[in-house]
Amino acid sequence: MIPSVSCFSYLASVQTLQVERFPPINYGTDVVSSERFVAGDGPIVAGALCALGDPAVLGSNQVADDDAGHAVLMRLRRWGVTLAPSAASASHTRANVVICDRDGNRTWFSGLRGVADELAAIDLAALLAPPLAYIDCYEVLGAAPRALLAAALDAGTDIVLNLGGSPPAPWLTTVIGQRRIGVVQTNADENDAAEAEHTLDALSALGIADAAVVTVGRRGALARTRTGTTLAAPAVTVDVRQVHGAGAAFSAALIHARRRGETLPACLRFACAAGSLWCSRPSDAPLPRARDITALLDRPSGDR
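Here's what the structure looks like:
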């Protein structure tokens with residue numbers, strides 16, 4: 282199947298630990314549950330897009346011929362993701378650890394040192410064929426996304442750029458110049474409304490996108506158009522089972538709705554519902570389909 286979206290990100294195995302609450306420094310706590318999954322956002326976005334009916338190709342670093350690498354590749358194959366890996370081989374599969382508490386807070390430890398050089402060895406041709414590109418632009422990735430961003434802009438590709446909470450790269454506005462991408466996205470603390478507003482102001486002030494979007498956990502998402510219109514979409518209230526990957530589910534649903542030609546308010550509502558649905562499911566459940574997200578949106582509020 283010909284991919285309709287390309288995704289660019291790092292690829293790693295991740296172990297998620299669920300705890301009741303974070304312990305004090307130099308102390309410990311009991312682990313309620315533990316799961317293995319895949320990171321970063323790009324691989325999850327690619328898988329979620331495939332489930333939504335938008336075949337995706339993933340440009341990433343390689344994983345190794347070890348147990349962790351086999352598990353990552355098996356999951357991506359099960360999701361139907363096409364791989365466009367870096368030419369740089371891997372001696373071991375990169376591993377992250379994510380710790381989440383019952384209130385939805387999380388912290389992570391990422392084994393990504395040197396990954397930017399590996400990502401720079403990706404052949405961009407496969408990522409420029411689809412009409413839309415999702416690009417992770419975290420601080421830890423350095424200048425690795427720069428070449429793809431520049432090439433996608435030159436090709437007229439619709440672009441969704443995810444900062445993932447990182448500050449904008451120093452080269453970002455230089456590469457984009459007077460052009461605009463479709464969406465620039467980041468996240469903010471759901472418990473700090475003032476920070477979320479400030480983040481949206483700063484993201485919008487970059488002037489690089491038709492829409493600036495900030496996800497704020499249980500509060501949903503904020504957005505501002507290039508003309509200055511500010512929008513807000515609520516999350517759907519659900520019983521939260523896990524939070525890792527919710528931002529990626531949001532991004533995939535936003536892209537899916539954009540490709541269908543939905544208005545920005547409709548895109549945000551659909552994406553917020555996708556994030557909520559993701560959090561209500563165990564990580565080994567089938568990926569949400571469009572009808573599952575629509576059903577959650579259509580459910581009476583008292584039944585959510």
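Taking this note's numbering, the leading residue of the sequence shown gets 282, the next gets one more, and so forth.
By construction, the Cβ of each residue, glycine as well, lies at the ideal position given by its N, Cα and C atoms.
Simplified DSSP state of residue i, which is helix, strand or coil
i: Gly556; result: helix
i: Arg585; result: Note that Arg585 has pLDDT 49, beneath the 50 cutoff, so the model's placement of it is unreliable and the number below is only indicative. In the structure shown, Arg585 sits in coil (DSSP, three-state: anything other than H, G, I, E or B).
i: Ala492; result: strand
i: Ala514; result: strand
i: Ser561; result: coil
i: Arg522; result: coil
i: Gly509; result: coil
i: Gly542; result: coil
i: Ala530; result: helix
For residue i, the first and last residue of its enclosing beta strand (DSSP E)
i: Leu503; result: 502 to 506
i: Leu568; result: First-last for Leu568: undefined, no H or E at that position.
i: Ser287; result: 286 to 289
Residues bridged to residue i (per DSSP)
i: Gln242; result: As shown, the chain starts at 282 and ends at 585. That puts residue 242 outside it, with no answer to give.
i: Ala293; result: Ala320
Segment limits, alpha helix (DSSP H) that includes residue i
i: Arg580; result: Per DSSP, Arg580 belongs to no alpha helix (DSSP H) and is neither H nor E.
i: Leu487; result: First-last for Leu487: undefined, no H or E at that position.
i: Gly309; result: Premise fails: Gly309 is in no alpha helix (DSSP H) and is neither H nor E.
i: Ile283; result: No alpha helix (DSSP H) holds Ile283; DSSP gives it neither H nor E.
Residue i Cβ short of 7 Å to the ligand ADP heavy atom set
i: Cys548; result: As presented, the structure is devoid of all ligands, the ligand ADP included, so that no description of it is given.
Return the chain-ordered ranges of every beta strand (DSSP E) run that is complete within the stretch 410 to 480 and spans a minimum of 3 residues.
Restricting attention to beta strand (DSSP E) runs no shorter than 3 residues, the stretch 410 to 480 encloses them at 413 to 417, 439 to 443, 462 to 468, ordered along the chain.
Just checking, does the stretch 338 to 348 make contact with the stretch 368 to 377 on the three C-beta pairs under 8 Å criterion?
Yes: at least three Cβ pairs fall under 8 Å.
Could I get the ranges of all uninterrupted alpha helix (DSSP H) runs contained in the stretch 316 to 404, with 4 residues as the minimum, in chain order?
The qualifying runs are 322 to 332, 348 to 360, 396 to 400.
Please determine if the stretch 373 to 386 and the stretch 417 to 427 are in contact, where contact requires at least 3 C-beta pairs separated by less than 8 Å.
Of all C-beta pairs linking the stretch 373 to 386 to the stretch 417 to 427, fewer than three are shorter than 8 Å, placing the two stretches out of contact.
The stretch 325 to 340 touching the stretch 359 to 368, judged by at least three CB pairs closer than 8 Å
Touching, per the Cβ criterion.
For the structure I just gave you, are there three or more beta carbon pairs, one from the stretch 430 to 440 and one from the stretch 452 to 464, closer than 8 Å?
They touch, by the three-pair rule.
If contact is defined by three or more beta carbon pairs under 8 Å, each pair taking one atom from either stretch, is the stretch 567 to 584 in contact with the stretch 495 to 514?
No, the stretch 495 to 514 does not touch the stretch 567 to 584.
Quick check: the stretch 551 to 559 against the stretch 522 to 538, are there 3 or more CB pairs under 8 Å?
In this structure the stretch 551 to 559 touches the stretch 522 to 538; the number of beta carbon pairs closer than 8 Å is three or more.
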